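Accompanying notes for the structure given below.
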Amino acid sequence: MKDIFREIRKSFGRFMSIFLIVALGTGFFAGIKSTMPDMKETAEEFFEEYNLMDIKLMSSVGIQYSDLREIEKLDGIAGVSAAYSCDVYYNYDGQNQVVKVMSYDTDSRLDSHSFMNRPILVEGRLPQNSGECVVEVTVKTPDSYKIGNTITLTSPRKDTDISELFVTDTYEIVGIVASPLYIGFERDATTIGSGYVNNFIIIPEDDFNMSFYTELYIRLEDTIGMDPFSPEYTDVVNEKCKELQQKFEGVVAQRVNKNLGDLQNNVTSLENKVSQLEKMLGLSGEGLLLYCESLSERIGELEGKTDALSQIELLQKQGLYEQAYSLYLARENGDSSVDNELRQAIEKSKAEIEATKETLSSFEGVKTYGFTRYSSDDYASYSGDSEKIDAIAKVFPVFFIFIAALVCLTTMTRMVDEKRIEIGTYKALGYSPIKIISKYIIYATIPTALGTLIGTAIGFKVFPYIIYDSYKIMYNIPSINTPFRIDYAVGCLVCALLCVWITVFASCKLSLSAQTSELMRPKSLPVGRRVLLERVGFVWKRLSFLSKVTLRNLLRYKKRFAMTLVGVAGCTALIMTAFGIKNSISKVVDLQFDYIFGYDAISVVNGEEELPDSKVEDLLKEYEEIDRFLLMSSTEITVEKDGKEQSAALLVPKEPSDLDSFIKLRDAENGEKLEVKPGEIVITEKITGLLGIKKGDSVTVKVQGKDDVTLTVSDITENYAMHYIYISKEDYEKVYGEPAKFNQAYIILQDNADKNAFSASLIERDEFLGIAFLTDKAESFFSSIESLNSIVLLLIVCAALLAFIVLYNLANINITERVREIATLKVLGFYDGETSAYIYRENILTTILGIVFGWGIGLILHRFVVHTAEVDLVMFSREMVWYAYILSAVLTAVFAVIVNLLLHVKLRKIDMVESL
Amino acid sequence: MSFVSFRNVGKHYKMGEVTITASENVSFEIEKGEFAVIVGASGAGKTTVLNMLGGMDTCSEGSITVDGTDIAKLTSKQLTEYRRHDIGFVFQFYNLVNNLTVLENVELATQISRDAMDPQEVLAKVGLQERMNNFPSQLSGGEQQRVSIARALAKRPKLLLCDEPTGALDYNTGKTILKLLQDTCRNDGMTVIVITHNQAITPMADRIITLKNSKVENVRINENPTDVDTIEW
């Protein structure tokens, strides 16, 4: 043991290089590999803690408490709760923001599974009293969302007063919260305003004035404690959702039918009453008396009976008798007031009959909707994002581990080679081979084990944290849990140790099998060999003497040459990939918001005003600031193909011929200009990849409140952010049976237009709901993807570390192996510079070759990473930017130069006496 | 003044607290064109003298003059130049670059010196014109040492320093190498200094410097050096 520690102290450089490369390799691997489970487990705990619903049920006729009681009785339900929600306006800074108001049951018990989607308190407290609310704060929410401020809500519909929805319209903000229902940027689509919910607020349940609940949230017994991203979860929930929705539909339909029956009965009895009254009025004095008599007879018969029907009839008949008799008496006195009273009563009843009949006829039947967590795109994309990192983990870290293994291999082989004489001595002294080998095994085990332990411990913390940090902007799940994963660490340790042990064993075996006497002599260097190039006389002759030497040396140590090449190429490839990704990402903004989108702003037309299109056009023409505009119909849709879904927007231009200056449609493959013509349906590129759509395929398009339709894709257009389907107004009318409502105006402003003044004056008008400038959109979009920068930086740092360790280690071995040769050169009178150059020439050549190789690998790696790192809504540019080539080469060269400078010092220190 | 002269040269190494004296008050002279042998048992200080004379190490005190230059006063850069142009070195283990052919090994030296001989000519001189394009590993020990000598001579040095040139060779081969060195001295007027522990070689030298315990024991001039063929060990 003492011998080993002395050995470590003596060869600290070697010890450290094994330690560092093992730490880097295993740390990188374990870190990236643990990111997916870390992210998923963090989310799982988060969902569990805040009790996110499994299933949400809604119906076209709302939900009553009795429905909840029925659902509660079913099997497999862990918790169920009913809630209100309502989309209204909050006017901020002259613009109507769509706010989703949700209810919060102030009496909820924290230990109950029925208390779902618990708000996560970020600041302040939860609402307790009427008139209090909590809000969410994101980049999109108004600046007025601060604790202590009050907000006033307005009704989105002219015919509905806000008091019909809420007890009060003014709420004081008492806290800032997040909701497990919204883990990402996306809020729900809505039928009012811009079509998107901007943010949600939560108020006490009692502040809702609505006559029915809007949502029923359900937590299933089977899914408690289940991994929410596992396929089993999806299976269980999907199946249960279908089943519950059916039962729910039954429950609601039964309730509604009962109500409908009551209404129908009401109509019948009213009609009966009207006919009796009309009959009464038509009778003269004598007839009226006879009528009274027949009534009193019937009354007499009924009085004896006790059943309910008879009692009801008795009451009716008694009423009629009184009315008829008072009519008779009045007429006898020549008084017509009772006549008038009765006529009024008839009119009133007739009106009531009409109203009820209309209600009955306009009733479209009960529609129910079932949703799961996956109905939120953000939920699915969170899972997808974590899996993408896992995909990256398949390439990068494996690459690192591969290099680490190679470095350990050369280092340990070198060590055993150096120790030949010692091994021979031990052998001569009669030590058993196992005893001799065990020294080297133990020597190698210490840095490997330490490296794995420290590497993984750091990797588990650092990598998930940095990667998650870049996703944090997109998801509001709180900070990530980064546990030390024993299983991964042990896996890494076993692999690393096996790798090192096998190396040591193999090289020791080779030395041990040699004759003891042979071991006592220094190992001869590999014999000189001619390289292939020498056969090509005309090239070889032209080379300078030193280049010949360099070439021959490079090819003499093939293993080391190959490894250096791999190390340098890896470094270049990583840096190139990092810059490439950065460019691919930031280029999206340029391409999408500068090249493809030519408009400056979109203004949303107020649908409530029911304006004819020509009126809107006239209004817009009045603005001097506007250069051109195009009316467009935009609908939030869900596109489905083979069971896979993606959100998109369906755009219908009013004047397709004008579209090109607002949105460029270019064929994704050949760049040809595309047009939106009847029969031509154009879809954006990325969604075709996600759903596997090809030209000529049919897709199902779902719109809330409308029937699903099928569209056949005829063209695919270049596009980098979001998904769109463009169709002509003729096609729209054909599939939906109604003309498209042009609810947006795409605007191109004059070059010198004052944006602020223009937007202020436009918002003031009731005809427009608001205006969104493209520059703002581009900015917020950019900031969300810019977060990937930290991953880029991470890659560069790792690449640099890798390059340093590999280059230094190999160059170091190169030198120690050739000390005698170098010392001889010095004795021959080579200057320090010349001696270094003699070695450097090899390094430089390897570096240059490595860089060229690295470019090739980098191209492939970049393509792969771009493909896997993309979020669903975005398509990164596939092209490799020119400066990535240059920067990767320059940085690699800089690293190589630094390593070579360090070596120069080492070379100078070589004593010439070594040559003797 | 003599071509080579050591005057009161001392060399001390500090190893921690202990000072080790490798050379003490070493003085001797060697004339131009002489064949000198520095002889001594191991540990007598031969290597230290060789290192200092070869410009591979500096002395702690005294002066070493070679062709009028006091190399004890040279900077490390000047020492390199001195090695480059003035010294030809023959190693015990030949120290050929394995990866270079015989010719290239010679070229390794000639391409850095000012007034080099034609490599092929030198190789012909040592009798290796046939093996020029072989690699060192394809040659015998004696042949390798001849390449080493050719490499040293090709630079046209002022001084040929040989460190145990026969140490790794068998008797007969050793003899031919010594013959080559002697001929070089006699025919070309080269100053040759051989460092060895082998007393048997001394009769062939013009001057014998015996070292013992880091000091010069005696310096003997041999008026009638014998031919290599006649000496035996």
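In order, the protein sequence lines correspond to chains A and B.
997 is the number of the first residue of the first sequence in our numbering; add one for each residue after it.
28 is the number of the first residue of the second sequence in our numbering; add one for each residue after it.
Each residue gets a CB set at the ideal place from its N, CA and C atoms; glycine is no exception.
What you are looking at is a predicted structure, and each value in this text was computed from that prediction instead of being measured.
Would you mind reading off the limits of the alpha helix (DSSP H) that contains residue i?
i         : result
B:Pro146  : 146 to 152
A:Glu1066 : 1061 to 1068
B:Val174  : 168 to 181
A:Ile1571 : 1554 to 1586
A:Ala1326 : 1304 to 1328
A:Asp1656 : 1655 to 1658
A:Phe1042 : 1008 to 1045
A:Asp1231 : 1227 to 1278
A:Val1076 : A:Val1076 -> not in any alpha helix (DSSP H); beta strand (DSSP E) instead, spanning 1073 to 1079.
A:Asn1896 : 1878 to 1905
Give me the Cα-Cα distance between residue i and residue j, rounded to the nearest whole angstrom.
i         : j         : result
A:Ser1280 : A:Ile1342 : 18 angstroms
A:Gly1451 : A:Phe1459 : 11 angstroms
B:Arg178  : A:Thr1831 : 18 angstroms
A:Ser1345 : A:Tyr1321 : 21 angstroms
A:Val1585 : A:Glu1068 : 50 angstroms
B:Val129  : A:Glu1838 : 21 angstroms
A:Tyr1591 : A:Phe1872 : 14 angstroms
A:Thr1441 : A:Ser1372 : 50 angstroms
A:Tyr1213 : A:Gln1241 : 12 angstroms
A:Asn1329 : A:Ser1290 : 23 angstroms
A:Lys1751 : A:Glu1875 : 34 angstroms
A:Thr1706 : A:Val1130 : 41 angstroms
B:Thr193  : B:Leu208  : 11 angstroms
A:Lys1544 : B:Val133  : 14 angstroms
A:Ile1961 : A:Lys1555 : Shown here, chain A extends from 997 to 1912; a query on residue 1961 of chain A therefore has no answer.
A:Ala1565 : A:Leu1869 : 33 angstroms
Within 7 angstroms of any Cβ in chain A, is that where the Cβ of residue i sits?
i        : result
B:Glu88  : no
B:Asn122 : yes
B:Met83  : yes
B:Thr107 : yes
B:Phe33  : no
B:Arg173 : no
B:Arg158 : no
Give a yes or no on whether the minimum CB-CB distance between residue i and chain B is below 7 angstroms.
i         : result
A:Glu1817 : yes
A:Ser1503 : no
A:Gly1825 : yes
A:Ser1911 : yes
A:Thr1831 : no
A:Thr1409 : no
A:Thr1820 : yes
A:Phe1456 : no
A:Met1871 : no
A:Met1032 : no
Could you check where the beta strand (DSSP E) with residue i kicks off and where it finishes?
i         : result
A:Asp1623 : 1622 to 1637
A:Arg1294 : Counting along the chain, A:Arg1294 falls outside any beta strand (DSSP E), though it belongs to the alpha helix (DSSP H) covering 1281 to 1299.
A:Cys1129 : 1128 to 1131
So, do the segment 1688 to 1704 of chain A and the segment 1628 to 1643 of chain A have three or more beta carbon pairs nearer to each other than 8 angstroms? Cβ pair count under 8 angstroms is three or more, so yes.
Could you run through the segment 1544 to 1573 of chain A and flag, in chain order, every residue whose CB is less than 7 angstroms away from some CB of chain B? Val1545, Arg1548, Asn1549, Arg1552
Chain E contacts made by the segment 59 to 75 of chain B, where a contact means CB separation under 8 angstroms: Structure shown: chain E not included; protein chains present are A and B.
Quick one: which residues of the segment 1460 to 1490 of chain A get their C-beta closer than 9 angstroms to a C-beta of chain B? List them in chain order. none
Is the segment 1127 to 1135 of chain A close to the segment 1230 to 1240 of chain A, with three or more CB pairs under 8 angstroms? no
Can you find at least 3 beta carbon pairs, one from the segment 1613 to 1630 of chain A and one from the segment 1890 to 1897 of chain A, that sit closer than 8 angstroms? no
What are the residues in the segment 124 to 140 of chain B lying within 8 angstroms of chain A by C-beta distance? Val124, Asn125, Asn126, Leu127, Thr128, Glu131, Glu134, Leu135, Ala136, Gln138, Ile139, Ser140
Cβ pair count under 8 angstroms reaching 3, the segment 212 to 221 of chain B against the segment 51 to 62 of chain B: yes
Quick one: which residues of the segment 213 to 226 of chain B get their C-beta closer than 9 angstroms to a C-beta of chain A? List them in chain order. Against chain A - using a Cβ distance shorter than 9 angstroms - the segment 213 to 226 of chain B contributes no residues.
Along the segment 177 to 208 of chain B, where does the CB come closer than 7 angstroms to a CB of chain A? Name the residues. Asp190
Does the pairing of the segment 1671 to 1679 of chain A with the segment 1719 to 1731 of chain A give three or more beta-carbon distances under 8 angstroms? yes
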